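Asker:
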Amino acid sequence: MKDLSLVKRCAVSRELSIPQSFIEEVADLGIEFDAGDVEALARYLYLLYEKNQVMNLTAVKRIEDAWERHLYDSLTLLPLLSELQCEHVIDVGSGGGLPGIPLAITLPDMTFVLVETTKKKALFLHEVVEVLGLDNVTVLAERAEHLCSEDGGFRASADVVMSRALGAMPTLLELTIPFLKEGGTFLAIKGQKAEEEVEQARKAAHILGCTFNNMTRTKTGTIVSYSKTKKTPKKYPRVAGEPKRLPLGRGG
46 MKDLSLVKRC
56 AVSRELSIPQ
66 SFIEEVADLG
76 IEFDAGDVEA
86 LARYLYLLYE
96 KNQVMNLTAV
106 KRIEDAWERH
116 LYDSLTLLPL
126 LSELQCEHVI
136 DVGSGGGLPG
146 IPLAITLPDM
156 TFVLVETTKK
166 KALFLHEVVE
176 VLGLDNVTVL
186 AERAEHLCSE
196 DGGFRASADV
206 VMSRALGAMP
216 TLLELTIPFL
226 KEGGTFLAIK
236 GQKAEEEVEQ
246 ARKAAHILGC
256 TFNNMTRTKT
266 GTIVSYSKTK
276 KTPKKYPRVA
286 GEPKRLPLGR
296 GG
């Protein structure tokens, strides 16, 4: 049954001021929204900041700043996803739902799996999906290492895997590339040191069967793209925690 208290609170979101700068910035990306998309994005932000009062979901203090820092930053992936004409997308380390929720709102014909290890955060994501009626989204409260292992059920299943602010690139590749079909694409939203991270991940990319494509600078960060060129060896990813503790290329 739908959480009526959440639905009631969502009605308040309609009173939120949507910055004109946000509309202009997404227009510059070539993105056009209908009124329903914008309202759903506002409702999502309202839910995020309501829950942030009792759970650490975002360090951005003001909801006014989140339109750019969170929503615009996530939506910079939208033109790339549209160009790739993908059907099945996995968001690894979704946290409070970024970038997965904004993209699922604006790309209803694509299916999204949000992977979030922390069960409280995953429960919040379930609430958001239910309140917003996102029938193209599945939430999994599981470790990525398990889900993309040989018996995890999601190995080599995705057209695109994406992540935002999850970890160092060598670790990130081990947690994401096994999810991809051959020919699939990994998109990471990174910061200003993306070029350095790509260099550090050269060995990991080779081991895992992917090739660096390019980097795209945006107003809020850097999008790094990899293509999966061959099957990932069965022994990757390693056991839970190992990719972070001992990143490939640094003795792994």
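If you're matching positions, the sequence shown starts at 46 in the numbering used here and goes up one per residue. For every residue, glycine included, the Cβ atom is placed at its ideal position computed from N, Cα and C. Predicted model, so just to flag it, every value in this text is computed and none were measured.
What residues in its chain sit with their C-beta under 7 Å from that of Val173, if we drop five residues either side in the sequence?
Answerer: Once the five neighbours on either side are set aside, the close Cβ partners of Val173 are Tyr89, Leu92, Gly142 and Ile146.
Asker: Give the single residue among Gly75, Phe257, Thr163 and Phe67 whose Cα lies nearest to the Cα of Ala87.
Answerer: Phe67
Asker: So, are the CB atoms of Gly75 and Pro153 less than 8 Å apart?
Answerer: Between Gly75 and Pro153, the gap from beta carbon to beta carbon reaches 8 Å or more.
Asker: Could you check if Leu293 is buried or exposed, using at least 16 other CB atoms within 10 Å of its CB as the buried criterion?
Answerer: buried
Asker: Would you kindly check if the distance between the Cβ of Lys289 and the Cβ of Leu225 is under 8 Å?
Answerer: no
Asker: For Thr183, which three-state DSSP category applies?
Answerer: strand
Asker: Tell me the DSSP bridge mates of Ile222?
Answerer: BP columns for Ile222 are empty, so no partner.
Asker: Would you tell me roughly how many angstroms separate the C-alpha atoms of Ser202 and Val105, rounded to the nearest one?
Answerer: 33 Å
Asker: Identify every residue that forms a DSSP beta bridge with Thr121.
Answerer: DSSP lists no partner for Thr121.
Asker: What's the gap between the Cα of Val243 and the Cα of Leu126?
Answerer: One C-alpha to the other measures close to 21 Å.
Asker: Among the residues of its own chain, which have a CB less than 7 Å from the CB of Gly236, if the five just before and after it don't count?
Answerer: Gly266 and Thr267.
Asker: If you drop the 5 nearest sequence neighbours on each side, which residues of the same chain put their C-beta closer than 8 Å to that of Ile150?
Answerer: Asp82, Ala85, Leu86, Tyr89, Leu177 and Leu179
Asker: Just to confirm the assignment: which complete beta strand (DSSP E) runs, minimum length 3, are found wholly within the stretch 213-294?
Answerer: 225-235, 255-262 and 267-273
Asker: CA-CA distance, Gly198 and Leu192?
Answerer: 6 Å
Asker: With DSSP as the reference, identify every bridge partner of Ala203, one or two as the case may be.
Answerer: Leu225
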